[in-house]
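A.B. asks:
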Amino acid sequence: MNLPYYAIKRRVTTVMVFAGIFFLGAVALIGYPQELFPRINFPQITVVTDYVNAAPEEIETLITRPLEEAISSVGGLRRVESISREGKSIITVSFNWNQNLDFAALAVREKIDLVKERLPKESEDPVVLKFDPLSRPIMILSLTGNLAPVELKRIAQYVLQDNLEKVPGVASVSISGGLDREIMVELDQGRMQAAGVSILEAIDAIDKANISYPAGSIKKGLYEYLIRTVGSFRSVEEIGYTVVNTESRRKLANVERGFIESSAEEMRASLDSKRQDAEKGITEKRLVLLRDIADIYDTFGERNTVSKYNGKENVSLAIQKQASANAVDLVEQIRRELWFLSGEVEGLGAHAEIVYDHSEFIKKAVNNTRDAALFGALLAGLILIFFFREWGSAAIVAFSIPISIVGSFFLMKMQGITMNTMSLGGLALGAGMIVDNSIVVIENIFRLREEGVASEEASVRGANEVFWPIVSSTLTTEAVFLPLIIFVPGIAGQLFRDLSWAVIHCLNISFLISIWLIPMAALYVKPRTKKGRQHERLQKTTAYFQAMSPRKQNIFCGTIVLAGLGAFLLSILIFNLLDTEVIPKVDQGQMMIRVNLPVGSTIEATEAVVKKIESELTKIDEVENVAVTIGSAPGGRVGEVSVDPLRRSQAIVLVTLKKDRKRPSHAVLRDLQEKLSLEDLKNTDLEYILQENEFEFAATGGKPIVVEIKGYDLDLLQSYAREVEEKLKDISGVSEILDDIGDPTPETKIEIDKKKAALYAISARDVSLTAKAAIDGAIATDYKEAGREFDVRVRLKESDREDLDKLSNLLLYSDTLRISIPMKAIAALKPGFGPSEIKRKDQIRTVVVTAAIRKGFQEKEVLRDAAAVLSAIEYPNTYEIKLVGKAQEVKESFRRVLFAIILALILNYMIMAAQFESFIQPFIVMFTVPLAMIGVALALLITQTAVSIISLLGVLILAGTVVNNAIVLIDFINQRRIEGIDTVQAAIESAFIRFRPIMMTAITTMVGLIPLALGIGEGAELQAPLAISVIGGLITATIFTLYVIPTVYILMVRISDAMIGMPDVESF
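Note that this note's numbering numbers the sequence shown so that position 700 is 779, with each residue one more than the last.
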């Protein structure tokens, strides 16, 4: 189809087509979802299994290893990592990035089902969760008031949590801080022994006494009556009237306890006669009630978590959004719901305050990127006016910018692409490229009109002459983004996918505009005459060059080519001097401090350390708010930081900085680290996490230096870890050296004599449950009041559970023999120490040492030094010490992007070969890519920007953009040679003709990216390296294209002439 001809003949239709594209895009913008970053689906699944009170080594042997062995046979696995700690097994399964996570989760569940029977019966069923390391609360609320912690928690649960979880798009609302109402039954061990009652019997009695059960129905006359038993506790006092034993049973127990020291065989022989004697004492059958052996309180549960905001204790609520929810719209809905609930909350004497709103940063970052794109488009329009020297031509070309950008939103919305910093960055990048094709077309149309061709003929002919060159240039630009979409896995591929599609959609629409709308619109504009001066310069340059002898011409051309090659080699040297990073840091004005005290530390000890940290934070001017969470409620999660709850010896301090601060986050963090280097914190591990490292934290584990030590013996692994730490301390620039070994956990092992336990028919489960109930307590039942349920916890009173001798006298009841014996008859209590947790990677025990890099030191050099010192450590072949983390991720990320660049160059070569019908001419065009590298290296060096996958993405984009001008330039040279013009004259003349369009397309693209390159505003740091790379590469590539490409063309023609005779255009 001859679109230029059709556009001129059907002008109204043409206008309506592009008005429709703009209209659809404008409609799509209504309610367009906004996010900070593209949705990244991490291919990770976490399997969590609880086994209450089991030691880490038991967890590893009984749960973790069987599950790992089963899961490892699932297809598409990258690695399997696990943590075995007290009472919990956590297995993280990482799959290949192209894996369907729903099918993978199903396969994991199937493998778990095959080995579930091998797991301990007392353990909980494994839970399979999809895990997103970037998941964070969309909002955090602080609930305060002059109320008891129990009352605040109730308001948080029944007013805020219940209602907020009903808001569409809210995934969960987790609560930290406060206390839960609990009915506490504290057993007195002395009275229990006197009554002959074991803990498990008391728990069972309470459970059986609190029941309401349907009994059926009876018919009476014309009616049917339901019969049900109502036995639920109606008051706390009623719980005390639960029957746990009888006097006859107590006598029986006393008689039986007299035989504890006798052999089991003797006891069995005389058991029947003794029981008969005891049963003769049954006369009164006096009941033993729960109140006789226990004190019952309506109180609150043990404090497992503390939440504070700016030094004051509160109850905090972390609101998590669903993956598909629009973050900005969801926050608005939550705010509306909070406005409705505020009256009820304040009527109860509390006050809810929003202390963190992630949507604010999202809106600022998105708006900043949007404004940068709009400002860049405006600058591009001004550049067009400057070059065209009149408004008409500039307006026609500039009009393609809003049509292409707005129209792209319609296509992006159909694909499910959100409005985020990367997709808007793609539109900002495309804003400068959009006008390239239109400039080429309108310049060619005006050139023909200046030569005397009629307006309509010039429009049709001018567009058709450059049709295939602009098709080729559009395809070469789009081809560089295809590898990112299809072939680059990992965070890089998913992060750049939205950007790639945004650019592709812009370019496709702009291509249609250039060959459809521009020829028609050019009819209404009169070009400004500019031929005279350009023609005069062309004649002088041609005469000067042709006056040279062929030898001097070759020397001149060779000098230009060698200069270009020399500059390229210099750029390689500069790249080696630059620092490297995976992804640029985005300063979000937040930092997190993870506080780790020795395992076993009390919540009070942790709170005391946190108070010292809070005190130092108040001295830093840039700090606005400080939110603290110590420990987690059982089964709870704190801010979605981990699938594993915090222990009482752990805390998270979330620091929010002022928006008008003068120092960046990393400078504030460095100041804080110096202040917290206190002597009284020497036994505390502090881990600092900047929110600016979000993607890097997910990709590398959060620290630049990560050393994995693999083996089997925990003591030997610990020894190697200490040696690694000492080696790293000797490297200048290394700080925050930590390991994940943890201090030994103080523990008391209850070692069961299996033979004696079998004789008394006591199971290990009975011993474990008795010990658990005595110390930690067991939930016997629930107490209902006003439609709410509260736990009824049973355990020993404090004085009994803190004495190991008393614990050894705990009664164990045998259902088989109907006797009660003390625990010490079949088990021994032995104090000691054990590992706090055991980590494994790919089914091998692993210890990890991490370290940070001080500001001012090049990461590349420090990582090189770290690799050198680690290679000097000697260890057996059965062990492994390997530097991973950022070092490995940098190599892997760069390898992926370099693969994409090579693939893009191959695709571009194939497109250009098809365009020119030549195997040689594409190599001439691709000579512009190394010329662009010169500018990239210099731009990164001048701006002190590290080499990252974002800056390498700029190189990838250059591989598709810098060739565009060369494609049109070579095409013009070919056309001149077909017309019979000498090669030298054709090259010089084409360079002059294409000078202005080349400069216009390059400058509009560069100017359009200046706002992004400046990196001003929230979230701009992510796109700045890309813009800097593209601008630097375009500067050198544009300059060299006008001189080097014609020169290389002339040399290649002469080399071909010398080898095979003068070639015609078609064969060259």
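Glycine included, every Cβ here is placed at the ideal spot set by N, Cα and C.
(1) Do you know offhand how far GLU1152's Cα is from ARG307's?
(2) Between ALA931 and LEU751, what straight-line distance do the alpha-carbon atoms span, to the nearest angstrom?
(3) Short check: CB of ASN1044 to CB of THR555, under 7 angstroms?
(4) Roughly how many whole angstroms lie between the Cα atoms of THR681 and TYR130?
(5) Between the region 509 to 525 and the region 578 to 589, do three or more beta carbon pairs fall short of 8 angstroms?
(6) Counting Cβ pairs, one atom from each stretch, are 3 or more of them under 8 angstroms apart for the region 876 to 894 and the region 804 to 815?
(7) In chain order, which beta strand (DSSP E) runs of at least 3 residues are fully inside the region 497 to 578?
(8) Helix or strand or just coil, what does DSSP make of ARG89?
(9) Within a Cβ cutoff of 7 angstroms, which residues of the same chain sit near ASP450, ignoring the five residues on either side of it in sequence?
(10) Where SER847 and VAL707 are concerned, what is the direct C-alpha to C-alpha distance, given to the nearest angstrom?
(11) In the DSSP assignment, find the unbroken alpha helix (DSSP H) run with VAL127 in it and report its ends.
(12) Identify which residue in PRO1076, LEU1105 and ILE1134 has its Cα closest to the Cα of PHE465.
(13) Go ahead and pull the three-state DSSP assignment for ILE990.
(14) Quickly, what does DSSP pair ALA473 with across the bridge? List them, please.
(15) So, at 6 angstroms on beta carbons, what are the nonlocal neighbours of SER349 in its own chain, with the 5 sequence-adjacent residues on each side left out?
(16) Comparing alpha-carbon positions, which option in ILE119, LEU239 and THR125 lies nearest PRO205?
(17) Can you name the start and end residues of the alpha helix (DSSP H) that ASP436 belongs to?
(18) Tell me whether the beta-carbon of PHE419 lies closer than 7 angstroms to the beta-carbon of ARG260.
(19) I'd like to know whether the C-beta atoms of GLN667 and PHE440 end up nearer to each other than 7 angstroms.
(20) To the nearest angstrom, how far is it from the Cα of ALA250 to the Cα of ILE841?
(21) Nearest CA to the CA of TYR954: which residue from GLY110, ALA993 and LEU796?
(22) Is THR1115 helix, strand or coil by DSSP?
(23) So, with DSSP's three-state summary, where would you put THR362?
(24) May I have the straight-line CA-CA distance separating ARG943 from ILE1095, to the nearest angstrom?
(25) Reducing DSSP to helix, strand and coil, say where ASP181 ends up.
(26) Scan the region 901 to 981 and note each continuous beta strand (DSSP E) run of 3 residues or more that stays entirely inside, going in chain order.
(27) With a threshold of 16 other CB atoms inside 10 Å of the CB of TYR892, please say whether the residue is buried or exposed.
(28) Return the chain-ordered list of same chain residues with a C-beta closer than 7 angstroms to the C-beta of LEU527, the five sequence neighbours on each side being excluded.
(29) Quick check on the burial criterion: 16 or more other C-beta atoms within 10 angstroms. Buried or exposed for ILE361?
(30) Would you mind reading off the limits of the alpha helix (DSSP H) that contains PHE174?
(31) Could you tell me the distance, in whole angstroms, from the CA atom of PRO83 to the CA atom of PRO663?
(32) Check whether the region 218 to 227 and the region 175 to 195 touch, using three or more Cβ-Cβ pairs below 8 angstroms as the test.
(33) By how many angstroms is the C-alpha of PRO724 removed from the C-alpha of GLU411?
(34) Would you mind reading off the limits of the beta strand (DSSP E) that contains LYS789?
(35) Based on the DSSP output, what are the partners of GLU425 in its beta bridges?
(36) Measure the C-alpha to C-alpha separation of TRP275 and ALA837 and round it to an integer number of angstroms.
C.D. replies: The structure says:
(1) Outside the shown range of the chain (80 to 1147) lies residue 1152, about which nothing can therefore be said.
(2) Counting from one through the sequence shown, the residue named residue 931 turns up at place 852. Counting from one through the sequence shown, the residue named residue 751 turns up at place 672. So the alpha carbons of these two residues sit roughly 15 angstroms apart.
(3) Reading the sequence shown from its first residue, position 965 is the one you call residue 1044. Reading the sequence shown from its first residue, position 476 is the one you call residue 555. Contact flag unset, no.
(4) Within the sequence shown, numbered from 1, the residue matching residue 681 stands at position 602. Within the sequence shown, numbered from 1, the residue matching residue 130 stands at position 51. C-alpha separation (whole angstroms): 22 angstroms.
(5) yes
(6) no
(7) Taking 3 residues as the shortest admissible run, the region 497 to 578 contains no complete beta strand (DSSP E) segment at all.
(8) Taking the first residue of the sequence shown as position 1, residue 89 is located at position 10. Three-state DSSP puts ARG89 in coil, outside helix and strand.
(9) By 1-based counting over the sequence shown, the position of residue 450 is 371. None.
(10) Here residue 847 corresponds to residue number 768 of the sequence shown, with the count starting at 1. Here residue 707 corresponds to residue number 628 of the sequence shown, with the count starting at 1. Distance between the alpha carbons of SER847 and VAL707 is about 35 angstroms.
(11) In the sequence shown, the residue the question calls residue 127 occupies position 48. That residue, VAL127, is in no alpha helix (DSSP H); its beta strand (DSSP E) goes 123 to 129.
(12) Taking the sequence shown and counting its residues from 1, the one referred to as residue 465 is at position 386. When only C-alpha atoms are compared, the closest one is PRO1076.
(13) Indexing the sequence shown from 1 puts residue 990 at position 911. Looking at ILE990 - three-state DSSP - the assignment turns out to be helix.
(14) Working through the sequence shown from its first residue, we reach residue 473 at position 394. For ALA473, which the question treats as bridged, DSSP gives no partner whatsoever.
(15) Position 270 of the sequence shown holds residue 349. In this predicted model, SER349 has a pLDDT of only 45, less than 50, meaning its place in the structure is not dependable enough to derive any value.
(16) Here residue 205 corresponds to residue number 126 of the sequence shown, with the count starting at 1. Nearest option by C-alpha distance: THR125.
(17) As a first step, residue 436 is located in the sequence shown; it is residue number 357 there, counting from the start. It is not in any alpha helix (DSSP H) - ASP436 instead sits in the beta strand (DSSP E) that spans 429 to 436.
(18) Translated into positions along the sequence shown, residue 419 becomes position 340. Translated into positions along the sequence shown, residue 260 becomes position 181. No.
(19) As a first step, residue 667 must be located in the sequence shown, where it is residue number 588. As a first step, residue 440 must be located in the sequence shown, where it is residue number 361. Taking 7 angstroms as the Cβ cut-off, GLN667 and PHE440 qualify as a contacting pair.
(20) Here residue 250 corresponds to residue number 171 of the sequence shown, with the count starting at 1. Here residue 841 corresponds to residue number 762 of the sequence shown, with the count starting at 1. ALA250 and ILE841 have their C-alpha atoms some 45 angstroms from each other.
(21) Position 875 of the sequence shown, counting from 1, holds the residue named residue 954. That would be LEU796, whose Cα lies nearest to the Cα of TYR954.
(22) Start at 1 with the first residue of the sequence shown, and residue 1115 comes out as number 1036. It is helical.
(23) Position 283 of the sequence shown holds residue 362. Its pLDDT being 39, under 50, THR362 is placed unreliably by the model, and the measurement read from it follows with that caveat. For THR362, the three-state secondary structure derived from DSSP is coil.
(24) As a position in the sequence shown, residue 943 is number 864, starting the count at 1. As a position in the sequence shown, residue 1095 is number 1016, starting the count at 1. Going by the C-alpha atoms only, they are around 33 angstroms apart.
(25) Here residue 181 corresponds to residue number 102 of the sequence shown, with the count starting at 1. Helix.
(26) 906 to 913, 916 to 920, 923 to 932 and 959 to 964
(27) Numbered from its first residue, the sequence shown carries residue 892 at position 813. Buried, since its Cβ has 16 or more Cβ neighbours within 10 Å.
(28) Residue numbering aside, residue 527 sits at position 448 when the sequence shown is read from its first letter. So the list reads ALA537, ARG540 and GLY541, once near-sequence residues are dropped.
(29) As a working mapping, residue 361 is identified with position 282 in the sequence shown. Caution applies to ILE361, whose pLDDT of 40 falls short of 50 and renders its modelled position unreliable; the value that the coordinates give is listed next. When all chains shown are included, ILE361 counts as exposed.
(30) As a first step, residue 174 is located in the sequence shown; it is residue number 95 there, counting from the start. No alpha helix (DSSP H) holds PHE174; the beta strand (DSSP E) holding it covers 167 to 174.
(31) By 1-based counting over the sequence shown, the position of residue 83 is 4. By 1-based counting over the sequence shown, the position of residue 663 is 584. Rounded to the nearest angstrom, the two C-alpha atoms are 45 angstroms apart.
(32) no
(33) Your numbering for residue 411 matches position 332 in the sequence shown. Your numbering for residue 724 matches position 645 in the sequence shown. Approximately 29 angstroms, taken between the alpha carbons.
(34) Here residue 789 refers to the residue found at position 710 when the sequence shown is read from its first residue. Start and end: 784 to 790.
(35) By 1-based counting over the sequence shown, the position of residue 425 is 346. Bridge partners of GLU425: none, in fact.
(36) The residue labelled residue 275 in the question sits at position 196 within the sequence shown. The residue labelled residue 837 in the question sits at position 758 within the sequence shown. For the sequence presented, residue 275 should be read as Gly rather than Trp. C-alpha of GLY275 to C-alpha of ALA837: approximately 21 angstroms in a straight line.
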